[in-house]
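In the UniProt record's numbering, the protein residues as written are 1 to 343. Backbone N, C-alpha and C fix where the C-beta goes; we use that ideal spot for every residue, glycine too. Everything below concerns the one structure shown next.
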Amino acid sequence: MVSLLGTNQPFYNLVTHYLYVSNTLNQLKQIHSLLIKSPTKPNHRYHILVQLLKRLLQLPGDNLRYAHYLFDQIPKCRNQFLWTSLIHSHVLHDHFGQSITLYAKMHQVGVSPSGYTFSSVLNACARVPALFEGKQVHARVVQYGFLGNKIVQTALLHMYAKCGLILDARDIFDRMDDKDLVAWTAMVCGYSKMGLMGEARWLFDNMEQRNAVSWTTMVAGYANNGDMETAKELFERMVEKDSVAWVAMIAGYGKCGNVLEAKIVFEGIQMADASCWAAMVACYAQNGYAKEAIEMYKKMREEKVTVNEVAMVGAVSACTQLGDNEVAATLAKHVEEGCCGEF
């Protein structure tokens with residue numbers, strides 16, 4: 001419990017000290033409570049609120065509701081760092097719409113954005129996706145002279161690729177003087193998601209260095225397009241295979257109806273996570289192997305693997321195929337409620 005009783009130091013100095021040593025939400029709320037109850041000079045109050053909000057945004061967890069409560073108490077806030085930190089925090093917690101709205105308010109009150117502001121809101125536009133808003137941000141990027149900023153360029157590329165404007169993304173890419181691994185990978189991802197595997201492969205083959213994301217993107221791209229031979233060739237060349245790559249192979253074989261190969265892939269995983277198990281349940285179900293899908297689902301529960309929505313949907317499909325509509329209906333209800341069901 002924060003206590004300032006019995007001290008001779010000025011209130012402002014003590015609160016500032018406690019702010020820097022506080023690292024829990026409860027401690028910050030106590031400091032805020034003291035600030036509300038104690039008479040404080042306007043400039044001191046402003047500084048404390050700013051520092052309080054900065055500390056709050058550094059804490060783990062989603063504290064954005066309280067963050068906005070604090071932010072609203074800062075009169076006519078023109079602190080670029082605070083605006084940008086709030087925008088970025090919304091992106092980190094998947095509140096993409098709120099991030100875009102906050103950026104718009106920042107512009108309305110006349111606070112100049114930074115490169116970090118632009119990269120954060122462009123990331124939000126990419127995740128929605130929100131092409132119209134993304135283009136508006138692009139115009140502001142040009143207006144404020146950030147078009148040559150590598151981080152902003154990569155964010156623009158990523159936004160256009162995610163929104164399906166691959167030619168615009170490629171135009172940004174070609175104009176970049178210093179293309180790093182992130183930019184190359186973003187462009188490969190863009191082509192892959194559009195099914196343009198020829199263009200994706202050319203870029204992939206010409207990359208000076210590759211990471212797990214670029215390898216997985218290519219494997220998933222070929223698998224999604226039914227070219228399992230090429231997907232397998234790249235998959236086997238991967239030094240480190242993540243769960244996304246394993247799932248892509250299982251789902252790809254399932255999509256092609258090759259359940260045996262999917263099973264071989266699954267059995268080759270040393271530590272299969274929930275997404276791999278779910279992919280195998282779905283593979284069985286979509287190819288008419290209802291009993292196998294249900295057995296896989298039951299084994300998943302026995303192994304205490306977290307059952308996700310993909311696995312439950314596969315189990316529902318399998319039960320329906322077997323004519324067990326009662327169990328299928330129960331599981332379907334669990335899917336809607338977002339919880340795990342039992343047979």
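Worksheet item: Is M26 helix, strand or coil when you go by DSSP?
Response: The displayed chain sequence assigns Asn, not Met, to residue 26. Helix at N26.
Discussion item. Report the CB separation of Y284 from V244 in whole angstroms; it is logged as a contact under 8 angstroms.
Written reply: Contact doesn't hold; Cβ gap of about 20 angstroms is too wide.
Discussion item. Which residue wins for smallest C-alpha separation from H93, given the options D72, L59, E236?
Written reply: L59
Item to complete: Assign K162 to one of two classes, buried (16 or more other C-beta atoms within 10 Å of its C-beta) or exposed (fewer than that).
Response: buried
Worksheet item: Would the beta-carbon of I166 fall within 9 angstroms of that of L156?
Response: At the C-beta level, I166 and L156 stay beyond 9 angstroms of one another.
Discussion item. What does the alpha-carbon distance come out to for the pair V316 and K298?
Written reply: Straight across, the Cα-Cα distance linking V316 with K298 is about 13 angstroms.
Worksheet item: Taking K179 as the reference, which of G198, E199, E208 has the closest Cα?
Response: E208
Item to complete: Give the secondary structure of Y160 by DSSP, where H, G and I count as helix, E and B as strand, and everything else as coil.
Response: helix
Discussion item. Using C-beta distances below 8 angstroms, list every residue in its chain close to M187, excluding the 5 sequence neighbours before and after it, in chain order.
Written reply: L157, A161, A169, R170, F173, L203
Practice prompt. Might you give, ordered along the chain, the residues of its own chain that have their beta carbon closer than 7 angstroms to the beta carbon of D273, omitting 5 neighbours on each side?
Written response: S243
Worksheet item: For L57, which residues of its own chain have a beta-carbon under 8 angstroms away from its beta-carbon, when the five flanking residues on both sides are left out?
Response: Cβ neighbours of L57 beyond the five flanking positions: N63, A67, S85, L86, S89.
Fill in: For N26 and V270, the rounded distance between their alpha carbons
Correcting the residue type first, residue 270 is Gln in the shown sequence and not Val. When rounded, the separation of the alpha-carbon atoms in Q270 and N26 is 42 angstroms.
Worksheet item: In whole angstroms, what is the alpha-carbon distance linking I100 and A200?
Response: 30 angstroms
Discussion item. Residues in the same chain with beta-carbon distance under 6 angstroms from A126, minus the five sequence neighbours each way, listed in chain order, please.
Written reply: Closer than 6 angstroms at Cβ, skipping near neighbours: H158, M159, K162.
Worksheet item: Can you check whether the CB of L49 is closer than 9 angstroms to the CB of Q73?
Response: yes
Practice prompt. Report the three-state DSSP secondary structure of R65 (helix, strand or coil).
Written response: helix
Discussion item. Check for me: the alpha helix (DSSP H) holding G288 runs from which residue to which?
Written reply: Where G288 is concerned, there is no enclosing alpha helix (DSSP H), given that its DSSP letter is neither H nor E.
Practice prompt. Would you kindly report the start and end of the unbroken alpha helix (DSSP H) that includes D168?
Written response: Its alpha helix (DSSP H) spans residues 166-175.
Worksheet item: What number of angstroms, rounded off, separates the C-alpha of G341 from the C-alpha of A293?
Response: The predicted model places G341 with a pLDDT of 49, which falls under 50 and marks its position as unreliable, so this point remains unresolved.
Practice prompt. Select from L122, Q286, E240 the residue whose C-alpha is nearest the C-alpha of G257.
Written response: Among L122, Q286, E240, the Cα nearest to that of G257 is on Q286.
Practice prompt. Look up T101 in the DSSP assignment and say whether it is helix, strand or coil.
Written response: helix
Worksheet item: Can the beta-carbon of Q231 be found less than 9 angstroms from the beta-carbon of I250?
Response: Position check: residue 231 holds Ala in this sequence, whereas Gln was assumed. It is not a contact, given that the beta carbons lie outside the stated cut-off.
Practice prompt. Whole angstroms is fine: what's the gap from Y289's alpha carbon to C319's?
Written response: 11 angstroms
Fill in: Coil, strand or helix - V74 by DSSP
The residue you asked about is not Val; residue 74 is Ile in the sequence shown. In the structure shown, I74 sits in coil (DSSP, three-state: anything other than H, G, I, E or B).
Item to complete: Give the secondary structure of T7 by DSSP, where H, G and I count as helix, E and B as strand, and everything else as coil.
Response: Any reading at T7 must be qualified, since the residue scores a pLDDT of 44, below 50, and its modelled position is unreliable; no value is offered.
Item to complete: Please confirm whether F146 and G110 have their CB atoms less than 9 angstroms apart.
Response: no
Worksheet item: Can you list the alpha helix (DSSP H) stretches of 4 or more residues lying completely in the segment 168-225, in chain order?
Response: 181-193, 197-205, 212-224
Worksheet item: Given a threshold of 16 other Cβ atoms within 10 Å of its Cβ, counted over all protein chains shown, does E267 qualify as buried or as exposed?
Response: exposed
Worksheet entry | Limits of the unbroken alpha helix (DSSP H) element including A124 | 115-127
Discussion item. In this structure, how does DSSP classify F96 when only helix, strand and coil are distinguished?
Written reply: helix
Item to complete: Could you tell me which of G61, Q108, Q98, L52 sits nearest to R78, measuring between CA atoms?
Response: Q108
Fill in: N- and C-terminal bounds of the alpha helix (DSSP H) containing S317
309-321
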